[in-house]
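Asks: Residue numbers (our numbering): 833 to 1034. Okay, here's the structure, questions in a sec.
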Ligand SMILES: [Cu+2]
């Protein structure tokens, strides 16, 4: 039997341990470097969350003059890319007053029937999904004009991609005068569940 001298065993062990530690250090440094680099392909982004809502005409819900977001209360996770799809079945317009900024897309990216837009002419607004506390605005053009028995059409499809970092419950409001009364600001405009509701970020 070959004898191994205890001092050699000890030396070999020390060298191995040192190599192992050096390799470990290298691996940890590489990991830290990749975690810090936002451009690294190795860093997985959390997948986008997809949610949707519909804008129904008053005729569709048996309450003429009362267009409605359905659902009107939405919940999303914070720190996540969210794609909100809005199907607008309402072919009516509710033009904004001259000089209004409600036609501008704010704090997110919008498409209308698949085409990117940065604003909608204020004369061609049907509704908006506006969250003042998040400086977020989604102007929504009307559905095409061919109307069904309840005033419904094929929907205009709006997508809005956004990201909220701060948790909370935010009120959204349609700012287009689509409601009742001389100014169009009554009825559904001031009734939660119709043209105002909540966006909960948690
Ligand atoms: Cu509206």
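For glycine and all other residues, C-beta sits at the position ideal for the given N, C-alpha and C. Being a predicted model, the structure only gives us computed values, none of them experimental.
For residue 857, which residues from the same chain have a beta carbon less than 8 Å from its beta carbon, with the 5 sequence-adjacent residues on both sides left out?
Replies: Because residue 857 carries a pLDDT of 45, less than 50, the predicted location of this residue cannot be relied on, and the following value inherits that uncertainty. Within the same chain, residue 857 has no close Cβ partners at all.
Asks: Rounded to the nearest angstrom, what separates residue 1030 and residue 933 at their Cα positions?
Replies: Rounded to whole angstroms, residue 1030 to residue 933 spans 22 Å at the Cα level.
Asks: Name the DSSP beta bridge partners of residue 1004, please?
Replies: 1029.
Asks: Can you tell me the Cα-Cα spacing of residue 925 and residue 1005, whole angstroms?
Replies: Taking the straight line joining both Cα atoms gives about 16 Å.
Asks: Can you determine whether any heavy atom of ligand 1 sits closer than 7 Å to the C-beta of residue 1024, and answer yes or no?
Replies: No.
Asks: Examine ligand 1 and report whether any of its heavy atoms sits within less than 7 Å of the Cβ of residue 1017.
Replies: Answer for residue 1017: no, Cβ out of range of ligand 1.
Asks: If we ignore side chains and look at the alpha-carbon of each, how far apart do residue 1020 and residue 1026 end up?
Replies: Taking the straight line from one Cα to the other gives about 5 Å.
Asks: What does the alpha-carbon distance come out to for the pair residue 1003 and residue 902?
Replies: In a straight line, the C-alpha of residue 1003 is about 15 Å away from that of residue 902.
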